[in-house]
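Trainee: Right, I'll just put the structure down here and ask away after.
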Amino acid sequence: MDLNFEKMNGLIPAIIQDNSTNKVLMLGFMNEEAYRKTVETGKVTFFSRTKNRLWTKGEESGNFLNVVSMKEDCDKDTLLIKANPAGPVCHTGTDTCWGEENKEDIMFLKELQDFIDKRHEEMPAGSYTTSLFESGINKMAQKVGEEAVETVIEACNGTDERLIYEGADLIYHIIVLLTSKGYRIEDLARELKERHSATWKKH
Numbered sequence: 001m002d003l004n005f006e007k008m009n010g011l012i013p014a015i016i017q018d019n020s021t022n023k024v025l026m027l028g029f030m031n032e033e034a035y036r037k038t039v040e041t042g043k044v045t046f047f048s049r050t051k052n053r054l055w056t057k058g059e060e061s062g063n064f065l066n067v068v069s070m071k072e073d074c075d076k077d078t079l080l081i082k083a084n085p086a087g088p089v090c091h092t093g094t095d096t097c098w099g100e101e102n103k104e105d106i107m108f109l110k111e112l113q114d115f116i117d118k119r120h121e122e123m124p125a126g127s128y129t130t131s132l133f134e135s136g137i138n139k140m141a142q143k144v145g146e147e148a149v150e151t152v153i154e155a156c157n158g159t160d161e162r163l164i165y166e167g168a169d170l171i172y173h174i175i176v177l178l179t180s181k182g183y184r185i186e187d188l189a190r191e192l193k194e195r196h197s198a199t200w201k202k203h
């Protein structure tokens with residue numbers, strides 16, 4: 001990249017964006033040395049105007065910003081860096097420097113998967129999820145079928161609210177079924193991602 005560091009006396013602003021959620025995490029400044037170090041190490045490094053030195057984000061906290069991509073703007077005097085944060089970005093402990101939560105609702109599926117994995121491992125008494133695992137694969141598959149039918153019924157003749165409710169039940173029971181077979185919801189996401197590829201061919 002042919003960046004223009006001259007407009008702001010040797011500095012350019014660098015906007016940091018979460019690679020997964022697209023949430024803007026923070027804004028910092030880089031000089032040429034900070035930019036080169038960022039490229040070399042793969043960890044976002046800024047020039048601190050108050051300390052008058054380079055500082056790698058996370059050098060003290062361990063909450064590094066791991067670079068995924070970097071792109072200059074049309075005037076070549078601003079950077080957009082997509083990164084994977086290793087923890088909260090702000091020194092106050094919040095996810096972003098604007099106090100926002102860096103989380104999308106879709107990411108709860110991973111949390112739910114982790115919860116169901118734990119249920120499968122510990123099998124606590126009195127848990128509905130435990131009872132599903134204990135019922136066996138045929139019963140779990142049957143429950144997925146039942147929830148699929150209920151979802152279809154609500155889509156055709158029910159309400160939007162009930163459609164969402166039954167759809168959520170369907171996803172939950174699919175995750176339980178996948179877990180019993182040694183898989184996770186991410187395996188479905190991986191399959192869908194492969195299907196989106198131009199080279200994918202139907203089995």
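At position 106 of the sequence shown (counting the first as 1) the number is 106 in the UniProt record's numbering, and the numbers step up by one without a gap.
Cβ coordinates follow ideal geometry from the N, Cα and C atoms, glycine included.
When you compare the CB positions of Asn-102 and Asn-84, do they come within less than 7 Å of one another, or not?
Mentor: Position 102 of the sequence shown holds residue 102. Position 84 of the sequence shown holds residue 84. No, the pair does not count as a contact, with Cβ atoms beyond the cut-off.
Trainee: Tell me which same chain residues have a C-beta within less than 8 Å of the C-beta of Thr-130, skipping the five on either side of it?
Mentor: For the purposes of this step, residue 130 is identified with residue 130 of the sequence shown, where counting begins at 1. Excluding positions up to five away in sequence, the list reads Arg-119, Met-123, Pro-124.
Trainee: Excluding five sequence neighbours on each side, which residues of the same chain lie with their C-beta closer than 8 Å to the C-beta of Asn-63?
Mentor: Taking the sequence shown and counting its residues from 1, the one referred to as residue 63 is at position 63. Contacts found: Lys-57, Pro-85, Ala-86, Gly-87, Pro-88, Val-89.
Trainee: Would a C-beta distance cut-off of 7 Å place Glu-147 and Asp-169 closer than the cut-off?
Mentor: By one-based count along the sequence shown, residue 147 stands at place 147. By one-based count along the sequence shown, residue 169 stands at place 169. Against a cut-off of 7 Å, the Cβ pair of Asp-169 and Glu-147 comes out as a contact.
Trainee: Less than 7 Å between the beta carbons of Leu-54 and Ala-34, yes or no?
Mentor: In the sequence shown, residue 54 corresponds to position 54, counting from 1. In the sequence shown, residue 34 corresponds to position 34, counting from 1. Taking 7 Å as the Cβ cut-off, Leu-54 and Ala-34 qualify as a contacting pair.
Trainee: Identify which residue in Ile-153, Tyr-165, Met-8, Lys-202 has its Cα closest to the Cα of Asp-75.
Mentor: Translated into the one-based positions of the sequence shown, residue 75 becomes position 75. Comparing Cα-Cα distances from Asp-75 to each of Ile-153, Tyr-165, Met-8, Lys-202, the minimum goes to Met-8.
Trainee: Please look up how many angstroms separate the CB atoms of Ile-81 and Ala-14, rounded, as I've assumed it's under 8 Å.
Mentor: Stepping through the sequence shown from its first residue, residue 81 is reached at position 81. Stepping through the sequence shown from its first residue, residue 14 is reached at position 14. Right, the Cβ-Cβ distance comes to about 6 Å (below 8 Å), so this counts as a contact.
Trainee: Per DSSP, what kind of secondary structure is Thr-50 in: helix, strand or coil?
Mentor: As a position in the sequence shown, residue 50 is number 50, starting the count at 1. Thr-50 falls in the coil class under three-state DSSP.
Trainee: Rounding to the nearest angstrom, what Cα-Cα distance links Thr-199 and Ser-127 in this structure?
Mentor: Working through the sequence shown from its first residue, we reach residue 199 at position 199. Working through the sequence shown from its first residue, we reach residue 127 at position 127. Their backbone Cα atoms lie some 43 Å apart in a straight line.
Trainee: Counting along the chain, where does the beta strand (DSSP E) carrying residue 224 start and finish?
Mentor: In the structure as shown, the chain begins at 1 and stops at 203. Residue 224 is therefore absent and cannot be evaluated.
Trainee: Please classify Val-176 as buried or exposed, where buried requires at least 16 neighbouring CB atoms within 10 angstroms.
Mentor: As a position in the sequence shown, residue 176 is number 176, starting the count at 1. Buried, by the Cβ-count rule.
Trainee: Just mark Lys-143 as buried or exposed, buried being the case when its beta carbon has 16 or more other beta carbons within 10 Å.
Mentor: Locating residue 143 in the sequence shown gives position 143, where the first residue counts as 1. Per the 10 Å Cβ criterion, buried.
Trainee: Between Ala-83 and chain D, is the shortest Cβ-Cβ distance under 7 Å, so that the two count as touching?
Mentor: Reference to chain D is not applicable here, since this structure consists of a single protein chain.
Trainee: Are the CB atoms of Ile-12 and Asp-77 nearer to each other than 7 Å?
Mentor: Numbered from its first residue, the sequence shown carries residue 12 at position 12. Numbered from its first residue, the sequence shown carries residue 77 at position 77. Yes.
Trainee: Buried or exposed: Gly-28, going by 16 or more other Cβ atoms within 10 Å of its Cβ?
Mentor: On the sequence shown, position 28 is the one that residue 28 refers to. Answer is buried; the Cβ neighbour count reaches 16.
Trainee: Which value, in whole angstroms, describes the spacing of the CA atoms of Ser-135 and Tyr-183?
Mentor: The count along the sequence shown starts at 1 and reaches residue 135 at position 135. The count along the sequence shown starts at 1 and reaches residue 183 at position 183. Looking at the two C-alpha atoms, the distance is approximately 18 Å.
Trainee: Check each candidate in Met-1, Ile-171, Lys-181, Glu-150 and name the one with the smallest Cα separation from Asp-73.
Mentor: The residue you call residue 73 lines up with position 73 of the sequence shown. Asp-73 has its Cα closest to that of Met-1, out of Met-1, Ile-171, Lys-181, Glu-150.
Trainee: Please report the straight-line C-alpha distance between Glu-32 and Glu-6, rounded to a whole angstrom.
Mentor: Translated into positions along the sequence shown, residue 32 becomes position 32. Translated into positions along the sequence shown, residue 6 becomes position 6. The straight-line gap from Cα to Cα measures roughly 10 Å.
Trainee: With Ser-135 as the anchor, note down where its alpha helix (DSSP H) starts and where it stops.
Mentor: Counted from its first residue, the sequence shown places residue 135 at position 135. Taken as a continuous stretch (DSSP letters only), the alpha helix (DSSP H) holding Ser-135 covers 128-135.
Trainee: If you check the beta carbons only, do Glu-104 and Thr-159 fall under 7 Å apart?
Mentor: Taking the first residue of the sequence shown as position 1, residue 104 is located at position 104. Taking the first residue of the sequence shown as position 1, residue 159 is located at position 159. It is not a contact, given that the beta carbons lie outside the stated cut-off.
Trainee: Can you say whether Ile-16 is buried or exposed, counting buried as having 16 or more other CB atoms within 10 angstroms of its CB?
Mentor: Locating residue 16 in the sequence shown gives position 16, where the first residue counts as 1. Its Cβ being crowded by 16 or more others within 10 Å, Ile-16 is buried.
Trainee: Identify whether Met-1 lies in helix, strand or coil by the three-state DSSP scheme.
Mentor: Sequence index remark: in the sequence shown, residue 1 carries index 1 (1-based). Three-state result, Met-1: coil.
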